[in-house]
Structures are given as structure tokens and as C-alpha cells.
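Trainee:
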Amino acid sequence: MNSQVRPKVAVSSCLMGEPVRFNGGHSRDRFLSGELDPYVDWVRICPEMEIGLGSPRETLRLERSSRGPRLVTRKTRVDLTGRITSLAAERVRVLDVDGYVFKSKSPSCGVHGIPVYAGDTAVDRRGRGVFAARILDAFPLLPVEDEGRLNDALLRETFVERIFAHARLRAFLESDWRARDLVAFHSRHKMQMLAHDPAAYREAGRVVAQAGVRSREELAADYAHAFRTAFARKAGIGRHVNVLHHCLGMMSDSLDQARRADLVEVIASYQAGRVALSVPATLLRHHARGEAAEYVRDQTYFSPYPEELRLRNHVPA
Ligand code: SF4
């Protein structure tokens, strides 16, 4: 069993197998509805069904206009932009989630590369679904992906890591926390944040240093912003290597020379793209003793999400 907080993740309903598509079918995604499903609480949203379109229904597309792209039915030419926009505004008011997975290629839900038409011609292929655009504007630091991009191992790992980080933060801020708890929360995330964005980590640290001086509300808002900013930046190989060496440095006293050399070599292999991150991370955890073991055990860097998801097993390109 894992003791991770369960992220709440909004998802385009069709990706979870609900028969809500224009053709009466679904677009069930095996990773989302299979591997990830046991660890996540889904908030299923189909904006086209929620504004009263049935399934099956007429197909929609984006059309160019002076007011920006409009969402229009293909044959009967009904403009649905206002209804979808109002729905998005309602959702923005109540949406409290740790991430969102949108269906790709949809004029309502698509995040990237949706064609915008003028007449029969696609004049721009960089459009964004009308509903998705409103959500992204309202929550710029929310982890967001579409199911197509989640087929990429690194993007999948990054997204899953972020939703679990957001979930821990949400659970923490909803708890009856005190200043010292914020210090401990920040400390547990040190290595993970450093692997993403050292500057945002330091900014979060400055906020933590004001614990006990400023109000809880101000601290929570500023800390959440710095924390989410850190995780919005992709963790880089170089920063992972720095973190691994930092942890190795903490363990030096308790390691004999052979083990230390072994760890240095494995970190170098990761840096060179010969082994996955899970190899040095697992070995560090395995060799940690005494105080270092406690520190490593407590760091979210070493267990950013349930182990069963086995996401750190790809070799960096
Ligand atoms: S892509 Fe969005 S609007 Fe289309 S069926 Fe899926 S959830 Fe509904």
C-alpha cells in the first residue's frame, strides 16, 4: 500500500471511457483509466454534454473571427462559444484540482494544435479548444496535459510528479498547519524542488522564513505560488545530478570507498544517458545509513509518487 495523498484530477470524460463523443463512442485512454486510475480521484468533465448537446451530435470546429476563434457546429453553423465560455466560467469558480488531462484534437478540449477555419480552409493550426483555453487562462500553474503527450515517457513522469506534488500541497494547506509544519513541509520537498527550479525553491524558502510573522493566509498564498512555480519547470538531468551528488555528500561518512565509488559511477551513467534515474536514486536509498537514511527517507524526491507507477525507468535522451 502507498501512503501518498490522492491527487484530484479533472479529465475529459471521453478519455475515461464515457460514451460522450460526437459519434456516440468514447476515447478511453489505457494509462489514465488503467495504470493511473487506482491512485487518482477523477473529476470527469465533458463540456459539450454539459451545455446540452447529446451524443451522438453534430461535429464542431473552430472558426476565425475578429473576436478570436469561435466554436461553431459544422453544418448548421450554430455558434456555441458563449455557452461553452459560460460553462468554463462556472467551472473555474469551483474547480479545485491538482491537474487536468484534456482530450487532444478537440475544438472544445484540445490544448494544442487545433485547426482554426476560414471557410473550408484551416488558416491556423495552432488553435486551442475554447473550454480548455478558459481553464488554462484561469489556472496558469495547473499541471495540464493531453492524452497524446502523455504517451511520451518524460512528459508522463513530469505530469504525474506534478499532480502528486500539487496534491500534497493542497492536503497540507487544508490541514491545521502551524509555522513549524510549513518549515517541515518545505524541508521534505527540498531535493525535489531543487531538481526542478532552484530559484523558485529559494523564493519558497524566503516565504517560509516569514512564518510566524505574516498571516497564515498570506504565507499560504505566497508559498503555494512559489511551490507551484518550481514544479512548473521541468526537472533537468543536470539538476538531478546535482541533487544526487548533494545526497551522496550527506552520506559520505557512512559509506566505504567501494560503495561511494559505485554510487559516483552510477550517477555518471545516469548523466551520460546509460541508465534511468531510478538506478542512482534506488541505490542511494539502499546505501543510506543513520541520519542520512532518515533524511533520504523523508525527502519526497525519493518517492514523488507511488512506486507501483514505475515512472522513472526510462533512460534520458
Ligand atoms: S473531447 Fe471534450 S467535449 Fe469532446 S467528447 Fe471528449 S470530453 Fe466531451
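This note's numbering puts the first residue of the sequence shown at 2, with every later residue one more than the last. By construction, the Cβ of each residue, glycine as well, lies at the ideal position given by its N, Cα and C atoms.
Could you check whether the Cβ of P281 sits closer than 7 Å to any heavy atom belonging to the ligand SF4?
Mentor: No; taking the cut-off as 7 Å, the Cβ of P281 has no heavy atom of the ligand SF4 nearer than that.
Trainee: Got a sec? Which residues, its chain only, sit under 8 Å from A123 by beta carbon, not counting five neighbours each side?
Mentor: The residues are P116 and V117.
Trainee: Whole angstroms are fine: how far does the CA of E49 sit from the CA of A89?
Mentor: Roughly 11 Å separates the two Cα atoms.
Trainee: Pull up the distance between the alpha-carbon of V267 and that of G291, whole angstroms please.
Mentor: Cα to Cα, V267 sits roughly 22 Å from G291.
Trainee: Exposed or buried, which one is S216 when buried takes at least 16 other CB atoms within 10 Å?
Mentor: Exposed: under 16 other Cβ atoms inside 10 Å.
Trainee: When we look at the beta-carbon of T301 and count the other beta-carbons within 10 Å, is it buried (16 or more) or exposed?
Mentor: By the neighbour-count rule (16 or more Cβ atoms within 10 Å), T301 is buried.
Trainee: Taking the beta carbon of A273 as the centre, do at least 16 other beta carbons fall within 10 Å, making it buried, or is it exposed?
Mentor: A273 is exposed by the Cβ-count criterion.
Trainee: Compute the Euclidean distance between the alpha carbons of H247 and R94, then round it to the nearest angstrom.
Mentor: One C-alpha to the other measures close to 42 Å.
Trainee: So K1 packs on T159, CB below 8 Å; how close in whole Å?
Mentor: The requested residue 1 does not occur in the structure, where the chain is confined to residues 2 to 318.
Trainee: Taking K9 and D42 to be in contact with their CB atoms under 8 Å, please state how far apart those CB atoms are, rounded to whole angstroms.
Mentor: With a Cβ gap of about 5 Å, K9 and D42 count as contacting.
Trainee: Spatial neighbours of S13 within its chain, please: CB distance less than 6 Å, with the 5 preceding and 5 following residues excluded, ordered by chain position.
Mentor: Within the same chain, S13 has close Cβ partners F103, K104 and C110.
Trainee: Using 8 Å as the cut-off, can you tell me whether the region 131–138 makes contact with the region 211–227, which would need three or more C-beta pairs spanning the two stretches below that distance?
Mentor: No contact exists between the region 131–138 and the region 211–227.
Trainee: Write down the C-beta distance between H167 and P144 rounded to the nearest angstrom, noting that I regard them as a contact closer than 8 Å.
Mentor: H167 to P144, Cβ: 6 Å. Contact.
Trainee: CB V316 to CB R260, shorter than 8 Å?
Mentor: No, they are not a contact pair.
Trainee: Mind checking whether the beta-carbon of E49 lies closer than 7 Å to any heavy atom of the ligand FMN?
Mentor: Looking at this structure, you won't find the ligand FMN anywhere; what it does contain is the ligand SF4.
Trainee: Using DSSP's beta-bridge definition, name the partner residues of L72.
Mentor: Its beta-bridge partners are L63.
Trainee: By the three-class DSSP mapping on this structure, what secondary structure does S13 have?
Mentor: It is a strand residue.
Trainee: Look at P281 and Y40 and say whether their C-beta atoms are less than 8 Å apart.
Mentor: Going by C-beta atoms, P281 is not nearer than 8 Å to Y40.
Trainee: On the three-state DSSP scale, how would you describe F173?
Mentor: Correct three-state label for F173: helix.
Trainee: Which runs of the alpha helix (DSSP H) fall wholly inside the region 182–226 and span at least 4 residues, in chain order?
Mentor: Counting only runs of 4 or more, we get 191–197 and 199–210.
Trainee: According to the neighbour-count rule (16 or more other Cβ atoms, all chains shown, within 10 Å of its Cβ), is N3 buried or exposed?
Mentor: Here N3 scores only 47 on pLDDT, less than 50, and its place in the model should not be relied on; the value that follows carries that caveat. N3 should be labelled exposed.
Trainee: Roughly how many angstroms lie between the CA atoms of I238 and R311, to the nearest whole one?
Mentor: Cα to Cα, I238 sits roughly 18 Å from R311.
Trainee: Within 7 Å: the Cβ of S13 and any heavy atom of the ligand SF4?
Mentor: The answer is yes for S13.
Trainee: If I measure Cβ to Cβ from E204 and keep anything under 7 Å in the same chain, skipping five residues before and after, which residues do I get?
Mentor: The answer, listed in chain order, is A227.
Trainee: Where R1 and S279 are concerned, what is the direct C-alpha to C-alpha distance, given to the nearest angstrom?
Mentor: Examination of residue 1 is not possible in this model, given that the chain is present from 2 through 318 alone.
Trainee: Which same chain residues end up closer than 8 Å to G213 when comparing Cβ atoms and leaving out the 5 residues on each side of it in sequence?
Mentor: Within the same chain, G213 has close Cβ partners A180.
Trainee: Assign H197 to buried or exposed, taking buried as 16 or more other Cβ atoms, counted over all protein chains shown, within 10 Å of its Cβ.
Mentor: Under this definition H197 is a buried residue.
Trainee: If I follow the unbroken alpha helix (DSSP H) through A89, where does it start and stop?
Mentor: Per DSSP, A89 belongs to the alpha helix (DSSP H) from T82 to V95.
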